[in-house]
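See structure below.
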Amino acid sequence: MLKVPRREIMAGERSFDINIPLDITEEILKKLPAKSIARFRCVSKGWESMIIVDSIVTRSLTQPPRDPHFLFVEDSLIKPVERYMFHMDMSYKKTYVRLSAFYAYPHQIKNKEQQIIYHGDIFGDCTSSERNFAYVRGLIGWCSPPYGKFKIHNPTTNQSVSLPSTEYGSLRKTQPVFYLFGYDPWGDEYKVVCLTKHKTFCQVFTLGNQKKLWTTILCGIELHFPFGDPVCINGVVYYKANLEKQGFVLVSFDVRSEKFYLVQAPEKEQVDQLPDFTLVNYQGKLGCISRNKLNGNDVDMWVMENDEKQEWSKVTFVAMLQDLPKHITFEGVTHPGGEIILLHQIDRKKLTLDVYYYDPKQNSRRRVEIQTTITSSERISLTGFFIVSTVTDHVENIMRL
């Protein structure tokens with residue numbers, strides 16, 4: 001039962017406490033914004049113990065996903081004004097530094113016309129070439145310098161944690177390292193996998209493990225190295241890889257059993273085109289999106305209808321890319337709307353980003369313009385580059401890292 005402290009009483013008034021039953025308090029907390037709940041943890045130990053119960057922690061995760069968020073990784077010379085100083089020594093404030101930084105741009109659709117956007121908040125740094133960005137159930141993971149440690153950030157609570165170094169730390173300069181980030185919904189566990197190209201074993205870290213140690217497991221398949229952006233669906237991380245003896249393949253990692261499996265490609269004749277495929281979560285199923293090899297304006301999408309039998313269905317969207325700019329990338333599918341998101345490269349002069357949403361059901365397309373808050377006066381030059389990652393299923397997660 002939660003006891004509300006009595007207020008200061010005036011002469012002639014009676015003193016009393018307000019006791020709110022615990023179950024009612026929990027129901028009230030479930031209806032509050034996630035960031036408010038995160039702040040309430042600081043009230044007292046009693047509030048802390050009450051808020052960490054599963055029913056409240058998972059409350060926000062059962063809400064419908066938000067509109068897409070776009071995360072900008074910027075690599076350029078900048079004037080380190082205060083908002084760029086996250087994870088940096090304040091003594092460098094008056095110098096010019098090179099920084100790769102994340103900016104988060106939440107996006108809300110208000111009408112079908114061209115949209116205006118938002119402000120960005122920096123929440124971390126990363127290496128631009130080996131960032132291994134991943135978003136899983138409200139948490140963001142990426143590879144952070146200087147020694148390639150994997151870092152996890154919770155944007156709802158604004159907490160970050162760096163994982164311990166792996167055994168591959170000393171090999172990083174000569175052997176590239178790749179990280180996978182996944183979630184097991186049955187065991188309610190987040191896990192990070194670290195692989196290197198020349199090892200038949202890999203290392204696994206379970207978030208929240210009291211020992212905070214990496215465990216070593218055998219991969220179970222031939223030497224391979226992942227590439228591209230993985231996708232985690234229902235406790236399985238799917239990714240593209242280069243198998244030493246077979247070439248390009250699709251691989252899955254079961255987060256719960258910690259086992260790897262080869263996944264049958266959508267079409268045998270398409271195996272050589274796997275590098276051009278974009279893996280997406282299409283309404284809870286693995287999807288592969290690619291330009292049609294015969295007509296560049298058409299787009300093919302394969303969906304794994306049965307993951308046990310590995311049966312794929314295919315649909316072609318005719319003229320989906322017609323009249324669009326040349327350099328378009330497929331970024332994912334909105335949830336639960338099912339719109340395919342396409343990005344055009346950022347305009348360096350205006351520092352804007354064009355986003356296109358294609359609705360397969362209506363065979364319609366709309367354009368959105370994202371305006372960043374990064375001004376040219378804050379950088380020495382615009383010779384740096386941006387990497388944009390799209391989060392299509394953002395949810396608020398109040399778990400403590």
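For the sequence shown, position 40 matches number 40 in the UniProt record's numbering, and the numbering has no gaps at all.
For every residue, glycine included, the Cβ atom is placed at its ideal position computed from N, Cα and C.
The structure displayed is predicted, hence computed values, not measured ones.
Which same chain residues end up closer than 6 Å to Ser252 when comparing Cβ atoms and leaving out the 5 residues on each side of it in sequence? Val236, Tyr238, Tyr261, Val263
Exercise for review: Let me know the secondary structure DSSP gives His394 once reduced to three states.
Suggested key: coil
Query raised in the report: Hey, how far is the Cα of Lys211 from the Cα of Ile233?
Result: 27 Å
>> Would you say Asn242 lies against chain C (beta-carbon separation less than 8 Å)?
In response: Annotation note: the requested chain C is absent from the structure, which comprises a single protein chain.
Span of the alpha helix (DSSP H) holding Arg291?
From DSSP, Arg291 is part of no alpha helix (DSSP H) but of the beta strand (DSSP E) over 285-291.
> Any idea what DSSP makes of Glu244, helix, strand or coil?
Replying inline: coil
Quick check on DSSP: helix, strand or coil for Ser36? helix
Q | Beta carbon of Glu167 nearer than 8 Å to that of Gln203 | A | yes
- prompt: Can you tell me whether DSSP reads Ser364 as helix, strand or coil?
  reply: strand
- prompt: Going by other Cβ atoms of all chains shown within 10 Å of its Cβ, with 16 needed for buried, is Ile341 buried or exposed?
  reply: Buried is the call here.
- Message: Is it the case that the segment 283-300 contacts the segment 215-230, given that we only count it when at least three CB pairs across the two stretches are under 8 Å?
- Response: no
- Query: Would you say Val231 and Asn281 are within 8 Å of each other, going by their C-beta atoms?
  - Reply: yes
Requested in this report: Flag this pair as yes or no: are the beta carbons of Gly332 and Thr390 separated by less than 8 Å?
Outcome: yes
- Query: Roughly how many whole angstroms lie between the Cα atoms of Ile398 and Thr25?
  - Reply: Approximately 17 Å, taken between the alpha carbons.
Residues sharing a beta bridge with Ile162, DSSP | The sequence as given places Ser at residue 162; Ile does not occur at that position. In the DSSP assignment, the residues bridged to Ser162 are Lys151.
| said: Suppose you measure from the CA of Cys194 to the CA of Asp188; what does that come to, to the nearest Å? | reply: So the two alpha carbons sit approximately 20 Å from each other.
>> Among Pro266, Val388, Arg41, Ile37, whose alpha-carbon lies nearest the alpha-carbon of Lys309?
In response: Pro266
Assign Ile370 to buried or exposed, taking buried as 16 or more other Cβ atoms, counted over all protein chains shown, within 10 Å of its Cβ.
buried
**Item:** Alpha-carbon to alpha-carbon, Ile37 and Pro325
**Value:** 44 Å
Taking 8 Å as the threshold (C-beta atoms), are Phe201 and Ile217 in contact? In contact: Ile217 and Phe201 (Cβ atoms closer than 8 Å).
Determine the direct distance from the alpha carbon of Arg137 to that of His394, and round the result to whole angstroms. 7 Å
Is it right to say Val23 is buried, meaning 16 or more other beta carbons lie within 10 angstroms of its own, or is it exposed? The question names Val, but residue 23 in the sequence shown is Asp. It counts as exposed.
Between the beta-carbon of Trp47 and the beta-carbon of Arg39, is there less than 8 Å? No, these two residues do not count as a Cβ contact at 8 Å.
Exercise. Nearest-angstrom Cα distance between Phe133 and Phe178?
Worked result: 10 Å
Under three-state DSSP, which class holds Glu48? DSSP, reduced to helix, strand and coil, places Glu48 within a helical segment of the structure shown.
Start and end of the alpha helix (DSSP H) containing Asp23? 22-30
*Got a sec? Which residues, its chain only, sit under 8 Å from residue 444 by beta carbon, not counting five neighbours each side?*
Residue 444 lies beyond the stretch modelled for the chain, which goes from 1 to 401, so this question has no answer here.
* Asked: Looking at the structure shown, is Lys314 part of a helix, part of a strand, or coil, going by DSSP?
  -> Residue state, collapsed to three classes: strand.
- Message: I'd like the list of long-range same chain contacts for Trp312, defined as Cβ closer than 6 Å, with 5 residues on each side in sequence excluded.
- Response: Pro266, Trp302, Met304
* To do: Could you tell me the boundaries of the beta strand (DSSP E) in which Trp214 lies?
  => Here Trp214 belongs to no beta strand (DSSP E), and DSSP marks it neither H nor E.
Inset, instruction - Please go through the same chain and pick out, in chain order, the residues whose beta-carbon is closer than 6 Å to the beta-carbon of Asp184, but skip the five residues on each side of it. - result: Here the set comprises Gly235, Val255, Arg256.
ask   = Just the Cα atoms here: how many angstroms apart are Phe277 and Ser44?
value = 50 Å
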